[in-house]
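To start, the structure under review is shown below, and the notes come after it.
In the numbering used here, the protein residues as written are 31 to 404.
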């Protein structure tokens with residue numbers, strides 16, 4: 031059967047989106063090396079993070095194509111268990127902002143990604159019972175996180191689960207993905223405004239009480255370094271050597287606990303812009319994904335939660351988080367080869383005894399609602 035012109039065009043657009051992703055992440059790696067050249071800087075952390083994302087993405091694309099339910103379900107189970115069984119299991123919101131600690135933020139990010147991956151598996155499942163079990167597992171993860179002392183972990187899981195349920199009948203993915211981008215931009219803008227002391231006194235005092243003064247001082251140091259060296263920054267992994275707050279804090283991990291501010295300080299404004307470009311590319315790739323709209327938007331909500339956590343915490347400094355993020359993006363942009371999520375022609379009887387009409391249905395027998403990217 032010869033593919034239709036519309037399908038060929040859609041395949042070309044997806045190929046162009048994949049090529050754009052290679053360019054964006056290649057630029058991220060190249061810029062890390064450029065900003066490290068001739069300095070006592072260490073770009074290895076950035077390069078390893080990019081490698082982890084790429085590895086997770088490749089595995090997600092392959093696994094999502096071959097086993098669109100089993101692979102994300104097992105990955106979600108492993109990620110959730112790893113977060114809940116961590117030695118310092120989910121200290122919660124306090125741990126997210128305690129000086130020298132980033133593990134709580136990483137565990138909350140893991141839970142958000144695990145919840146999103148499990149919900150994607152639920153939408154891909156054909157059987158209602160399988161969907162119910164997976165969603166109950168996500169709800170159980172939220173309860174376990176709360177019992178183990180992580181309100182923030184439980185909250186992000188509940189948010190992802192509610193968002194996944196809310197998009198059940200959404201027909202257009204582009205406005206929702208645009209809302210995801212706007213949400214991430216607002217959180218990042220609020221972080222920068224807090225670091226620059228640009229918020230009104232009331233909200234600033236409330237946020238500082240929640241974030242702790244130490245966290246805000248780290249952000250201000252990062253913003254100051256970015257202002258002093260806006261193009262090349264101080265060099266990858268150099269923040270810990272130049273930050274006065276880090277030097278005055280014994281046991282500090284040397285991170286500003288904000289991915290955008292860290293890149294702005296260490297790799298200049300181009301580095302921060304490349305981070306934003308990587309996130310925007312991910313949302314654009316989801317918009318072009320052949321997967322059903324609920325799968326795409328669930329992944330978008332989960333990755334937006336990760337972006338918010340990374341803006342106010344240290345989540346992206348942990349390889350388990352970057353691998354899980356890449357895997358979720360890969361699963362949500364894969365083309366399943368088996369029946370269950372991919373468009374499947376189903377015979378439907380035409381009125382008046384005419385020949386059966388072939389209609390397309392998506393995951394679990396749901397009618398296809400839209401063309402990807404609309």
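In this text, a Cβ means the ideal position worked out from N, Cα and C, and glycines have one as well.
- Message: By the three-class DSSP mapping on this structure, what secondary structure does residue 71 have?
- Response: Looking at residue 71 - three-state DSSP - the assignment turns out to be coil, as it is neither helix nor strand.
- Item | Nearest residue (CA-CA) to residue 262, options 38, 140, 68 | For residue 262, the closest C-alpha among the options 38, 140, 68 is that of 68.
- Could you check what DSSP says for residue 165 in three-state terms: helix, strand or coil? Looking at residue 165 - three-state DSSP - the assignment turns out to be helix.
- Message: For residue 154 and residue 209, what's the separation of their Cα atoms in angstroms?
- Response: Cα to Cα, residue 154 sits roughly 24 Å from residue 209.
- Which value, in whole angstroms, describes the spacing of the CA atoms of residue 156 and residue 146? Cα-Cα distance, rounded: 18 Å.
- Message: By alpha-carbon positions, which one of 152, 172, 348 ends up nearest to residue 163?
- Response: Comparing C-alpha distances from residue 163 to each of 152, 172, 348 shows the shortest one belongs to 152.
- Helix, strand or coil: which one does DSSP assign to residue 99? Of the three classes helix, strand and coil, the one that applies to residue 99 here is coil, per DSSP.
- Query: Alpha carbon to alpha carbon, what distance is there between residue 258 and residue 264?
  - Reply: Computed Cα separation, rounded: 9 Å.
- Query: What did DSSP end up calling residue 269 once you bin it into helix, strand or coil?
  - Reply: DSSP places residue 269 within a helical segment (H, G or I) once states are collapsed to three.
- Using three-state DSSP, classify residue 79 as helix, strand or coil. Residue 79: helix per DSSP, three-state reduction.
- Query: Should residue 143 and residue 355 be called a contact, given that it needs their Cβ atoms to be closer than 8 Å?
  - Reply: Yes, Cβ-Cβ distance for residue 143 and residue 355 is below 8 Å.
- Message: Below 8 Å, how does it come out for the stretch 42–60 and the stretch 80–92: are there three or more Cβ pairs, yes or no?
- Response: Between the stretch 42–60 and the stretch 80–92 there are three or more C-beta pairs closer than 8 Å, enough to call the two in contact.
- Query: Sorted by chain position, which residues of the same chain lie with C-beta nearer than 7 Å to residue 272's C-beta, five sequence neighbours on each side aside?
  - Reply: Once the five neighbours on either side are set aside, the close Cβ partners of residue 272 are 255, 264.
- Kindly indicate which three-state DSSP category residue 244 falls into: helix, strand or coil? Residue state for residue 244 is assigned as helix, using DSSP reduced to three classes.
- Kindly indicate the opening and closing residues of the alpha helix (DSSP H) around residue 200. Note, residue 200: premise wrong, no alpha helix (DSSP H); not H, not E.
- Query: Between the Cα of residue 306 and the Cα atoms of 276, 239, 285, 212, which residue gives the shortest distance?
  - Reply: Minimum Cα distance to residue 306 is reached at 212.
- Query: Cα separation between residue 89 and residue 76?
  - Reply: If I take the Cα positions, the gap works out to 20 Å.
- From the DSSP output, in three-state form, read off residue 381 for me. Any reading at residue 381 is ruled out, since the residue's pLDDT is 44, under 50, leaving its predicted position unreliable.
- In angstroms with no decimal places, state the Cα-to-Cα distance between residue 179 and residue 66. In this model, residue 179 and residue 66 are separated by some 40 Å (Cα to Cα).
- Query: For residue 344, does the count of other Cβ atoms within 10 angstroms reach 16, so buried, or fall short, so exposed?
  - Reply: With 16 or more Cβ atoms within 10 Å of its Cβ, residue 344 is classed as buried.
- With 16 other CB atoms within 10 Å as the buried threshold, where does residue 296 fall? Counting the other Cβ atoms within 10 Å of the Cβ of residue 296 gives 16 or more, which makes it buried.
- Task: Please classify residue 348: does DSSP put it in a helix, a strand, or coil?
- Result: Residue state, collapsed to three classes: coil.
- Message: Rounded to the nearest angstrom, what separates residue 41 and residue 308 at their Cα positions?
- Response: The straight-line gap from Cα to Cα measures roughly 21 Å.
- Using alpha carbons as the reference points, say which of 290, 195, 72, 229 lies closest to residue 331. Just measuring C-alpha positions, the residue of 290, 195, 72, 229 sitting nearest residue 331 is 195.
- Query: Around the C-beta of residue 74, are 16 or more other C-beta atoms found within 10 angstroms, so that it is buried, or is it exposed?
  - Reply: Exposed is the call here.
- Message: Can you tell me whether residue 301 is buried or exposed? The criterion is at least 16 other CB atoms within 10 Å of its CB, across all chains shown.
- Response: Under this definition residue 301 is a buried residue.
- Cβ-based burial, residue 214 [other Cβ within 10 Å; buried from 16]: Buried, by the Cβ-count rule.
- Message: Taking 8 Å as the threshold (C-beta atoms), are residue 197 and residue 334 in contact?
- Response: No, the Cβ-Cβ distance between residue 334 and residue 197 is not below 8 Å.
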